[in-house]
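Below is one structure, written out as structure tokens; comments come after it.
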Amino acid sequence: MTAEAGPGGVEALYPFLYSGRDDLASLLADVESSTSEKASEIAALRGSLAARFAWPIAECARTIADSFASGGRLLAFGNGGSCTDAQAFASLFTASAPPLPAFCLPQDAASLTALANDVGFEVVFARQLGALGRGGDVAVAFSTSGGSANLLRGLGEARRLGMVTVGFAGHDGGPMAEAGTVDHLFVVPSASVHRIQEAQTTLYQVLWELVLHELADVR
Numbered sequence: 431m432t433a434e435a436g437p438g439g440v441e442a443l444y445p446f447l448y449s450g451r452d453d454l455a456s457l458l459a460d461v462e463s464s465t466s467e468k469a470s471e472i473a474a475l476r477g478s479l480a481a482r483f484a485w486p487i488a489e490c491a492r493t494i495a496d497s498f499a500s501g502g503r504l505l506a507f508g509n510g511g512s513c514t515d516a517q518a519f520a521s522l523f524t525a526s527a528p529p530l531p532a533f534c535l536p537q538d539a540a541s542l543t544a545l546a547n548d549v550g551f552e553v554v555f556a557r558q559l560g561a562l563g564r565g566g567d568v569a570v571a572f573s574t575s576g577g578s579a580n581l582l583r584g585l586g587e588a589r590r591l592g593m594v595t596v597g598f599a600g601h602d603g604g605p606m607a608e609a610g611t612v613d614h615l616f617v618v619p620s621a622s623v624h625r626i627q628e629a630q631t632t633l634y635q636v637l638w639e640l641v642l643h644e645l646a647d648v649r
């Protein structure tokens with residue numbers, strides 16, 4: 431999750447912090463009001479996603495569970511803050527009981543930097559998936575825009591290999607929402623990177639729980 435100072439950045443989000451006021455009580459009241467407003471926004475957004483994705487997320491969970499049950503693996507990836515979401519999602523499965531084979535591709539710093547330096551950053555996930563992915567495995571891409579070139583190249587490689595593809599995006603989904611890009615897509619309809627990533631955290635936590643529930647039924 432990133433935010434830059436200046437127009438449209440941190441100053442636009444929290445103007446009261448840059449106003450030069452020395453009235454502490456008034457400043458704290460504005461901070462409290464801003465915090466309450468943002469908490470209400472994410473609560474409402476999460477509530478709307480429950481109705482929007484109830485069936486699609488259950489269907490996705492069944493597909494991922496089937497992959498694990500058949501010996502498949504989950505490979506997650508993303509850039510920046512979305513990389514940390516990919517890492518958190520993968521770690522939920524590896525920390526489960528019993529543990530499940532899930533990996534976060536950006537954690538392999540040697541491969542990531544070698545590919546970025548020697549070939550190009552747009553291929554860092556596609557090349558890793560080409561080496562590690564197998565038909566029936568699951569590729570999960572995390573994004574706030576849905577438009578990162580390296581994510582789209584990775585998803586394309588995953589589909590070429592016959593992997594199940596899952597995407598998390600924001601706004602309107604961007605290029606990731608185009609037909610034939612991913613099998614299971616979850617778009618958080620917000621213009622705020624902060625709200626998108628907060629809501630995505632809820633979605634992948636629910637997805638993980640549903641996958642474990644499906645696997646328990648299989649076992």
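Read in order, the letters of the sequence shown are residues 431 to 649 in the working numbering.
Ideal Cβ placement from N, Cα and C applies to all residues, glycine included.
query                                                                                                                                               : result
Return the bridge partner residues of residue 614 from the DSSP annotation.                                                                         : 596
Smallest Cα separation from residue 509: which of 579, 460, 482?                                                                                    : 579
Can you tell me which of the three DSSP states residue 637 falls into?                                                                              : helix
Of all the options 591, 481, 588, 582, which has the alpha carbon lying nearest to the alpha carbon of residue 608?                                 : 582
Roughly how many whole angstroms lie between the Cα atoms of residue 611 and residue 585?                                                           : 7 angstroms
Output the boundary residues of the alpha helix (DSSP H) element that contains residue 508.                                                         : Residue 508 -> not in any alpha helix (DSSP H); beta strand (DSSP E) instead, spanning 504 to 508.
Could you say if the region 562 to 570 and the region 503 to 522 meet the contact criterion of at least three C-beta pairs nearer than 8 angstroms? : yes
Would you identify the three-state DSSP class for residue 546, choosing helix, strand or coil?                                                      : helix
Alpha carbon to alpha carbon, what distance is there between residue 453 and residue 636?                                                           : 43 angstroms
Which ranges would you report for the alpha helix (DSSP H) in the region 523 to 571 if only whole runs of at least 4 residues count?                : 539 to 548, 554 to 562
Helix, strand or coil for residue 575, going by three-state DSSP, please let me know.                                                               : coil
When you compare only the Cα positions, how much space is there between residue 561 and residue 588?                                                : 11 angstroms
From this set, 634, 647, 515, 606, which residue's C-alpha is nearest residue 479's C-alpha?                                                        : 634
Between residue 644 and residue 472, is the Cβ-Cβ spacing less than 9 angstroms?                                                                    : no
Is the separation between the beta-carbon of residue 531 and that of residue 519 shorter than 9 angstroms?                                          : no
Give the single residue among 529, 470, 517 whose Cα lies nearest to the Cα of residue 537.                                                         : 517
Taking Cβ to Cβ, would you say residue 593 is nearer than 9 angstroms to residue 545?                                                               : no
Less than 9 angstroms between the C-beta atoms of residue 577 and residue 605, yes or no?                                                           : yes
Beta carbon of residue 598, beta carbon of residue 512: below 9 angstroms?                                                                          : yes
Helix, strand or coil: which one does DSSP assign to residue 478?                                                                                   : helix
Determine the DSSP secondary structure at residue 624, reduced to helix, strand or coil.                                                            : helix
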